[in-house]
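Letter by letter, the sequence shown follows residues 813 to 952 in this note's numbering. C-beta: ideal position from N, C-alpha, C; glycine also. Reviewing the structure listed below.
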Amino acid sequence: MLEINSNITIRSSELHFDFVRSSGPGGQNVNKVASAVQLRFDLRNSTSIPEEIKPKLLKLAGKRVTSDGIIVLDARTSRSQSQNREEALKRLKALILKALHKPKPRRKTKPTRASIEKRLKNKKNRGRVKRLRGDVKDDD
813 MLEINSNITI RSSELHFDFV RSSGPGGQNV NKVASAVQLR FDLRNSTSIP
863 EEIKPKLLKL AGKRVTSDGI IVLDARTSRS QSQNREEALK RLKALILKAL
913 HKPKPRRKTK PTRASIEKRL KNKKNRGRVK RLRGDVKDDD
């Protein structure tokens, strides 16, 4: 079982691991041992994830989601199959926690009177400087 937070726990039966040969570190072992991990999590048919979070999670996962709604995560940073498995689970947990995070609502603010006056003063000043850059007229 993968515990996300106090409310969400994903059952082991919902997680599917495939072990493939890794292209990373491992020397001669790299050609013999399937140490890379592919974690597959069927988000659309999952009962562990609340329905209101699923669309945000699909959007966050981006290219890692198949057309069937399955999240596929690859982990191949380590030589060890068990460490790669833990890495994949950690990434899935981080992705779900990110989807659970609700952004702080933005409050509209008005500029202060002083800042409006300062902006207008600067505009007038810049306009005066640009006017002074024009052609010089002779009084002859």
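Of the candidates L869, K942, K916, L869 places its Cα closest to the Cα of A906. Annotation: the continuous alpha helix (DSSP H) that includes V941 extends over 925 to 944. Beta bridge pairing from DSSP links D950 with no other residue. Between P867 and the set I908, L814, R919, D947, the nearest pair of CA atoms involves I908.
By alpha-carbon distance to L827, the top candidate from S834, V845, N819, T859 is T859. A check of alpha carbon separations from L855 across G881, L932, A873 identifies G881 as the nearest.
For A887, the enclosing beta strand (DSSP E) covers residues 882 to 887. Distance check between R876 and each of R852, R891, E863, R918 places R852 closest, using alpha-carbon atoms only. When the beta-carbon positions are compared, F831 and A846 come within less than 8 Å of each other. Here V941 is exposed. Its C-beta has fewer than 16 other C-beta atoms within 10 Å.
When the alpha-carbon of V884 is set against those of A900, S892, S890, the nearest one is in A900. Here R897 has V849 as same chain residues with Cβ atoms under 6 Å from its own Cβ, once five neighbours each way along the sequence are excluded. Between I820 and I861, the beta carbon gap of about 7 Å places them in contact (Cβ cut-off 8 Å).
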